[in-house]
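Accompanying notes for the structure given below.
Residue numbers (the UniProt record's numbering): 1 to 83.
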């Protein structure tokens with residue numbers, strides 16, 4: 001999966017989880033930028049990404065995610081190591 005494809009898939013998941021079709025994720029976005037992005041929504045979002053892309057995050061990886069850029073890079077690295 002290419003970098004742009006990862007962004008598209010993750011953006012679709014954000015739109016679903018937060019029930020907002022206007023969401024367009026940006027690299028510097030954090031939980032403060034999206035209404036409803038609390039700890040429970042974060043867990044749901046991580047689980048949805050894992051299921052959709054068929055990857056698994058470690059607890060440490062999840063704890064180190066500070067923004068969308070971190071999330072996308074983590075997904076990209078996981079996909080690279082799978083091959």
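We put the beta carbon where it would ideally sit given N, CA and C, even for glycine.
Quiz item: Would DSSP call residue 80 helix, strand or coil?
Solution: If you number the chain shown from 1, residue 80 lands on position 80. In the three-state scheme derived from DSSP, where H, G and I count as helix and E and B as strand, residue 80 is classed as helix.
Self-check item: Whole-angstrom C-beta distance between residue 68 and residue 25, which should lie under 8 Å
Solution: Residue 25 sits at position 25 when you count from the first residue of the chain shown. Residue 68 sits at position 68 when you count from the first residue of the chain shown. About 5 Å separates the two Cβ atoms, so the contact holds.
Quiz item: Per DSSP, what kind of secondary structure is residue 68 in: helix, strand or coil?
Solution: For the purposes of this step, residue 68 is taken as residue 68 along the chain shown, with counting starting at 1. Residue 68 falls in the helix class under three-state DSSP.
Practice problem: Measure the C-alpha to C-alpha separation of residue 7 and residue 81 and round it to an integer number of angstroms. | Solution: Sequence index remark: in the chain shown, residue 7 carries index 7 (1-based). Sequence index remark: in the chain shown, residue 81 carries index 81 (1-based). Distance between the alpha carbons of residue 7 and residue 81 is about 18 Å.
Quiz item: Quick one: what's got a C-beta closer than 8 Å to residue 28's C-beta in the same chain, skipping five residues either side?
Solution: As a working note, residue 28 is residue 28 in the chain shown. For residue 28, same chain residues with a beta-carbon under 8 Å away, outside a window of 5 residues either side, are 67, 68, 69 in chain order.
Quiz item: Can you give, in chain order, each stretch of the alpha helix (DSSP H) that sits fully within the segment 27-66 and has at least 4 residues?
Solution: 39-53, 59-63
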